[in-house]
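Numbering (this note's numbering), first residue to last: 23 to 92.
In structure tokens, the structure reads:
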């Protein structure tokens, strides 16, 4: 089942987010993530990628916010 209600806040960032996802999967040792059938990956494997992406995005936002307050 596909959820089509997820809308990107910044659609122009789609390519950068996809690249980030691939880089993170590679860092986590998941080769060929782009070609992999995500339905055949475990929830844990998919969760690692999404969770690490979220962590990195929060870090980036915090750094940006800190830079603006100086």
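Built from N, CA and C at the ideal position, the CB exists for glycine as well.
Exercise. Put residue 74 into one of helix, strand or coil per three-state DSSP.
Key: helix
Quiz item: Between the C-alpha atoms of residue 58 and residue 30, what's the straight-line distance to the nearest angstrom?
Solution: 23 Å
Exercise. Taking 9 Å as the cut-off, decide whether the C-beta atoms of residue 39 and residue 56 are in contact.
Key: no
Quiz item: When burial is assigned at 16 or more other CB atoms within 10 Å of the CB, is residue 47 buried or exposed?
Solution: Buried, since its Cβ has 16 or more Cβ neighbours within 10 Å.
Quiz prompt | For residue 51, the three-state DSSP class (helix, strand or coil) | solution = Residue state, collapsed to three classes: coil.
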